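Below: one structure, written as C-alpha cells.
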Amino acid sequence: MSKKVLVTGGTGYIGSHTIIDLWENGFEPISVDNGCNSDVSVLQQVEILTGKKTIHYNIDLCNKTESEKIFIDHADIQGIIHFAALKAVGESTEIPLVYYQNNLISLMNMLELASTYKVKAFIFSSSCTVYGEGQKSPINEEADLIPASSPYGSTKQFSEQIIKDFCPTTDMKAVLLRYFNPAGAHPSGLLGESPKNIALNLVPVITETAIGKRKVMTVFGNDYDTRDGTCIRDYIHVCDLAHAHTLSLEYILEQRQPDPVDVFNLGIGEGLTVLEIIKAFEKVSGQKLNYILGDRRPGDIKAIFADNTKAKEVLSWKPNYLVDEIMKTAWIWEQNRSQLPL
Ligand code: UD1
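Residue numbers (the working numbering): 6 to 347.
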C-alpha cells in the first residue's frame, strides 16, 4: 500500500515538524503551502534532519483546479493532514471574511478532492479555542462548544462541523485534533517557528525579547482570578503534537477507528500561568527577561487546559516534553535562527 500523505501547510510551524515525524515513521509526506506565512527553505532543514527530499507544491488551496494537480500527480494519496489556515486571532476580528473564505473554502476543496481521489484518512488541525470562554478545566472532548469569541475560532468550529457532516457520506474517516498551546522547537536546534508575520504567541515573544529583537514584552493582565493573576494555558511541545498526527493517521489506516469522525485533545494536561512560563524561561536560559505587567488583551480566556486521557488511551500518545524542555528548545532555536536560511 502507498504511504503517501499530503501535508497542507507543510512549510509552516507544525506542518514541517509533522513532515519529519511522518518520514521517521515510514510515511512519504508531500507538502503543499501557498507560502503566505512560511518559507519553502524549511524543507531544506527537513532534508538535513531526515535525509529525505520532500516533494513540495506552491499552491493556494482555495484554487481547486490548481489543487487537483497534486492528486493527478499522486493518485494514491492515503491520507491528508490539513494544517493550511490563517491563525491570528486578533487579525481575524479585523478581516473576518478573509478568514472565512480562506479557511473554509480551502477545507471544502480538500474534502471534495479527498473524496474524489479515494483518500482514506483526513486529519484536521483544530484548536482548544472551539471550547469557548467560561468552561471548567481540565476540559474533555465531550464538552459542549460555546460560540467562539473570534472569527478564527468560528472557522475552527465550522470546519469541525463541515467534516462531521461530510465524512459519513464518504468512505473517508477523519480525526479532529484540538491543540492547546503549541510551543518549542525541534531538539536538533535546526527547525522551529519562523513565521513571516510578526510573532504574537507567548513563547516566541519571550525568546524574541530575550535575544533583543524586542526591547520589552508585556504580560497581558495580572488581575485574573488565578494563582498569580495571569492567564493559564496548556503548553504542548511541537514534536509531541507532530507525533499525534502520525498516530491519528495510523489509527484510521489500520482500521481501528470505529466512527466516521473522532476528536482528541492534545495538551500536556497541566495549566501554567504566563508568569510561570516566564520563570521557566529564565531558569533554562539563565537570563532575566525584560517584561512589564500590562492590561488584559481583549478576547483572552482566563484559564484552559486539557484532559488528555482519550488521546493517551486510544492513540497511545503521550507528551514527552515538559515545560523546561519546551522553553529550552525554543531558546536554542531563537539563538540559531539568525544563522540559518529561514
Ligand atoms: C489562542 C488560542 C489557540 C490558537 C492560538 C493561535 C485560545 C484559548 N487559544 O492561543 O487555540 O491556536 O491563539 O494564535 O483561544 N501573552 C502575554 N504577552 C504576549 C503574548 C501572550 O501575556 O506578548 C499571554 C496571553 O495573554 C495568554 C498567553 O500568553 O494568556 C498565551 O497567549 P498566546 O500564545 O497568544 O496563545 P492563546 O491566545 O492562548
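Virtual Cβ for every residue (Gly too), placed ideally from N, Cα, C.
In this text the structure is predicted, and so the values were computed from the model without any measurement.
Identify every residue that forms a DSSP beta bridge with residue i.
i: I75; result: Note: I75 sits in no beta bridge, so no partner.
i: S131; result: R183
i: R238; result: L277
i: Y62; result: V37
i: Y296; result: M222
i: A247; result: BP columns for A247 are empty, so no partner.
i: A311; result: I144
i: A316; result: Answer by DSSP bridge pairing: none, since A316 is not bridged.
i: A126; result: G84, K178
What is the rounded straight-line gap between the Cα of residue i and the Cα of residue j?
i: G274; j: C133; result: 12 Å
i: A80; j: T314; result: 36 Å
i: S142; j: A308; result: 7 Å
i: Q262; j: Y256; result: 6 Å
i: L271; j: V180; result: 12 Å
i: C1; j: I100; result: Since the first residue shown for the chain is 6 and the last is 347, residue 1 is missing from the structure and cannot be characterised.
i: G234; j: N68; result: 46 Å
i: D264; j: G17; result: 30 Å
i: E117; j: A89; result: 16 Å
i: N295; j: V328; result: 20 Å
i: D300; j: V221; result: 15 Å
i: L61; j: D38; result: First, the residue type needs correcting, since residue 61 is His and not Leu in the sequence shown. If you take the alpha carbons of H61 and D38, they lie about 8 Å apart.
i: N202; j: I19; result: 16 Å
i: A119; j: D170; result: 15 Å
i: S36; j: G139; result: 37 Å
i: G276; j: I77; result: 45 Å
i: K333; j: S21; result: 19 Å
i: S155; j: Q83; result: 33 Å
i: L112; j: I282; result: 34 Å
i: R342; j: W28; result: 23 Å
i: T174; j: A190; result: 38 Å
i: V45; j: C236; result: 35 Å
Can you tell me where the beta strand (DSSP E) with residue i in it begins and where it stops?
i: G84; result: 84-87
i: T13; result: 9-13
i: D267; result: 266-271
Starting from residue i and walking both ways along the alpha helix (DSSP H), at which residues does that stretch end?
i: P263; result: Premise fails: P263 is in no alpha helix (DSSP H) and is neither H nor E.
i: G95; result: 94-99
i: R342; result: 328-342
i: S164; result: 156-171
i: N50; result: The displayed chain sequence assigns Gln, not Asn, to residue 50. That run of the alpha helix (DSSP H) goes 47-55.
i: Y136; result: Taken as a continuous stretch (DSSP letters only), Y136 belongs to no alpha helix (DSSP H), as it is neither H nor E.
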